[in-house]
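Only one structure is covered here, and it is reproduced in the block below.
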Amino acid sequence: MTPKPLSRRVVLASTSLLCWPLARAQTSAAFWAALKTPGTVVLMRHAQTEPGVGDPSGFRLDVCSSQRNLSDAGRAQARRVAAAFAAAGVVPGDVRSSAWCRCVDTARLAFGQATVWPAINSTFQGQGDPDRGRAEVLAAASAWRGPGPLVLVTHQVNISHITGEFTAMGEMLAARFADGRMQVLARLSA
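Mapping to this note's numbering: the sequence shown position 67 is 51, numbers consecutive.
This is the structure:
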């Protein structure tokens, strides 16, 4: 019995699966190389949370139990970020976080520290002033020279407003201020 030739779809799917680790390694290499260049900013969306969108009504920033927080998977994800930075020999020059507990917890688990910076607080559903926050981030990024990258742990809505890019929970963008805007150099998922 003669075997049937593989369909084009099967061949393409198999090829893409084989190439995926190489593509991920190239993305990873570009990300770590960018972080070793002066003036680089890491925009990180907080790690994985408990299911939901936004926060429960009546939440308070000073009461973590009233917010949507990191899940066990999110805490593990943040610890993987810590291990990856250590393995790459990259030490952040400064780590700033949104005041939301999921961001502060991500920053502390991933980088061992966090300074709350209101400029990167969530602007979801009309909270805060997104244009003012973006202006403050751009000003900080334009002045940043290191040593090490400036790490900002924030929310998807803020990252999208600053860069035009959508990020998954735990995903990081390496970016640099140039030509009046944040230019994304590379991205990495935890």
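Every residue gets a Cβ at the ideal spot worked out from N, C-alpha and C, and that includes glycine.
Because the structure is a prediction, the values reported are computed rather than measured.
### Message
For His30 and Thr24, I'd like the C-alpha separation in whole angstroms.
### Response
One C-alpha to the other measures close to 19 Å.
### Query
So, are the CB atoms of Gly58 and Thr21 less than 8 Å apart?
No, these two residues do not count as a Cβ contact at 8 Å.
### Message
Which same chain residues end up closer than 8 Å to Arg160 when comparing Cβ atoms and leaving out the 5 residues on each side of it in sequence?
### Response
Counting only Cβ-Cβ distances below 8 Å, and skipping sequence neighbours, we find Ala18, Thr21, Gly23, Thr24, Val25, Ala125, Met166, Gln167, Leu169.
### Message
For Ala158, count the other beta carbons within 10 Å of its own beta carbon; 16 or more makes it buried, fewer makes it exposed. Which is it?
### Response
It is buried - the Cβ of Ala158 has at least 16 other Cβ atoms within 10 Å.
### Task
Could you have a look at Asp89 and say whether DSSP puts it in helix, strand or coil?
Helix at Asp89.
### Task
Would you tell me roughly how many angstroms separate the C-alpha atoms of Ala174 and Gly73, rounded to the nearest one?
Ala174 and Gly73 have their alpha carbons spaced roughly 16 Å apart.
### Task
Closer than 7 Å by C-beta to Glu120: which residues in its own chain qualify, once you throw out the five before and the five after it? Chain order, please.
Setting aside the 5 residues that flank it on each side, Glu120 is surrounded in the same chain by Ala103, each with a C-beta closer than 7 Å to its C-beta; the list follows chain order.
### Message
For Thr90, tell me which candidate among Ser55, Ala123, Ala71, Leu122 has the shortest Cα-Cα distance.
### Response
Comparing Cα positions, the closest option is Ser55.
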